[in-house]
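A quick write-up on the structure given underneath.
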DNA sequence: GTCTATAGGTGGATAGAC
DNA sequence: GTCTATCCACCTATAGAC
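Protein chains in written order, with our numbering: chain F, 82 to 299; chain B, 82 to 299.
Rendered as structure tokens:
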């Protein structure tokens, strides 16, 4: 029986993704990545020009397809309400499937002067963001959503909840009085259902048309 | 006329705060901080034990009094609705007054394994968070807020909006189609007013005062 | 392709003059 | 208190053997 050896290029990218997310760009060393990937650190320079090229590659691999997936999830819905719910709950699934994404994205935002991946992010994200705005505008035209809301602000309020929850994930247990353990995936989904309901209630023009609220509490 | 020389200890803390927020802990060097503060880098070791002690000092200086101010702002209000509005709009003022706070806080969250200031943050923030939860519970008991909402989740949704907006501030201009310029303070306040209204609409038991309570199950 | 060895530079921290 | 000079560890990146 032989153990299948993973392609070194992929092992390097995997290790780099993990470490950059955990420790940041400056806090991660080439030797650490090599060690974690099970290869000699000099090999990284065979596959990538330098540390920053590797970092950019990590980000593009992670982000590409993300915005596309987000839009696809919204497209399936029949009306704006359903689309909002699909969007918010989809956020949770996408972030669960890419555990390092929120940290890396936020580091990029916060390090914006470094801007290792300026273009990559803004290109992909701006598209998704304006799709959410259009969705809210459509709901407003249909009389389902309140027209007093500025669509772009409402889009931000809607998106913020899940992102914030994932960011704060390590601290959430402490805040919610459940000890230092990191909340399990099911808690993240439960919050996603709450967040969708919260946004829909805030958007709703008429209370009775608000989608059912799932508190997540059995 | 003599120019008042700032106390070097304060200059060092100011420069460190700026640089740690911009570049992160690992990305900032002692020599950079010294240079930015206008003193020799060796002097940092006269005032602070080491780099990490300096970092902790920066965080405590920034955070101390923050939770207290948050609670004070809420206490002035007469009912839960007013308190929520005071809280959210107060968030904006507090973050405007401490421009480096959001970045530093999020870095801490994201670097939680490093946890330079674990205690400092969780102690201060957990208190504020549970005050928000109590506020929402009070509104629910008074029949003003929907009881289907899990108070802790609702607190997170309420708080998330402004924090996210500040974090994304450098990218907000691009997302909102207003070019690369960083949004002015007035835009931040405008969003604060929106966010308070968004949260209140989501929390409200009967938006029209006369409307029956939505059971959430059509 | 993958490794060893190492160059060249920089970072945190200290010793000690003034 | 504040500076100069410097040590040592470690980091990125390259040269070159296999």
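We treat Cβ as the ideally placed atom computed from N, Cα and C, and that holds for glycine.
When the Cα of residue i is compared with those of the options, which residue comes out closest?
| i | options | result |
| --- | --- | --- |
| residue 180 (chain B) | B:251, B:227, B:128 and B:191 | B:251 |
| residue 89 (chain F) | F:102, F:103, F:281 and F:117 | F:117 |
| residue 271 (chain B) | F:234, F:163, F:272 and F:269 | F:234 |
With 16 as the cutoff for other CB atoms within 10 Å, does residue i come out buried or exposed?
| i | result |
| --- | --- |
| residue 105 (chain B) | buried |
| residue 299 (chain F) | Below a pLDDT of 50, predicted positions are generally treated as unreliable, and residue 299 (chain F), at 44, falls in that range; the measurement from the model is reported next regardless. By the neighbour-count rule (16 or more Cβ atoms within 10 Å), residue 299 (chain F) is not buried but exposed. |
| residue 205 (chain F) | buried |
| residue 213 (chain F) | buried |
| residue 232 (chain B) | buried |
| residue 109 (chain F) | buried |
| residue 223 (chain F) | exposed |
| residue 197 (chain F) | buried |
| residue 102 (chain F) | buried |
| residue 236 (chain B) | buried |
Would you kindly work out how many angstroms separate the C-alpha atoms of residue i and residue j, rounded to a whole number?
| i | j | result |
| --- | --- | --- |
| residue 135 (chain B) | residue 121 (chain B) | 15 Å |
| residue 291 (chain B) | residue 244 (chain B) | Residue placement at residue 291 (chain B) cannot be trusted, given a pLDDT of 36 that sits under 50; what the coordinates show is reported in the next sentence. The alpha-carbon atoms of residue 291 (chain B) and residue 244 (chain B) are separated by roughly 33 Å. |
| residue 253 (chain B) | residue 263 (chain B) | 7 Å |
| residue 132 (chain F) | residue 115 (chain F) | 12 Å |
| residue 166 (chain B) | residue 178 (chain F) | 35 Å |
| residue 203 (chain B) | residue 159 (chain F) | 43 Å |
| residue 258 (chain F) | residue 87 (chain B) | 43 Å |
| residue 269 (chain F) | residue 153 (chain F) | 21 Å |
| residue 130 (chain B) | residue 155 (chain F) | 53 Å |
| residue 107 (chain F) | residue 230 (chain F) | 41 Å |
| residue 260 (chain F) | residue 200 (chain F) | 39 Å |
| residue 39 (chain F) | residue 151 (chain F) | Look at the range of chain F in this structure, 82 to 299, and you will see that residue 39 (chain F) is not part of it. |
| residue 280 (chain F) | residue 163 (chain F) | 12 Å |
| residue 294 (chain B) | residue 287 (chain B) | Below a pLDDT of 50, predicted positions are generally treated as unreliable, and residue 294 (chain B), at 40, falls in that range; the measurement from the model is reported next regardless. Spanning the two alpha carbons is a distance of roughly 6 Å. |
| residue 267 (chain B) | residue 174 (chain B) | 11 Å |
| residue 265 (chain B) | residue 143 (chain F) | 32 Å |
| residue 209 (chain F) | residue 192 (chain F) | 22 Å |
| residue 149 (chain B) | residue 215 (chain B) | 16 Å |
| residue 111 (chain F) | residue 240 (chain B) | 38 Å |
Is the beta carbon of residue i sitting closer than 8 Å to the one on residue j?
| i | j | result |
| --- | --- | --- |
| residue 246 (chain F) | residue 285 (chain F) | no |
| residue 94 (chain B) | residue 113 (chain B) | no |
| residue 248 (chain B) | residue 161 (chain B) | no |
| residue 119 (chain B) | residue 92 (chain B) | yes |
| residue 242 (chain F) | residue 211 (chain B) | no |
| residue 147 (chain B) | residue 207 (chain F) | no |
| residue 97 (chain F) | residue 282 (chain B) | no |
With three or more C-beta pairs closer than 8 Å as the rule, is the segment 185-193 of chain F touching the segment 123-135 of chain F?
Cβ pair count under 8 Å is below three, so no.
Do three or more CB pairs link the segment 214-232 of chain B to the segment 139-146 of chain B at distances below 8 Å?
With a cut-off of 8 Å, the segment 139-146 of chain B and the segment 214-232 of chain B do not count as touching, because too few Cβ pairs lie within range.
Pairs of beta-carbons, one from the segment 271-284 of chain F and one from the segment 162-174 of chain F, closer than 8 Å: are there three or more?
Touching, yes.
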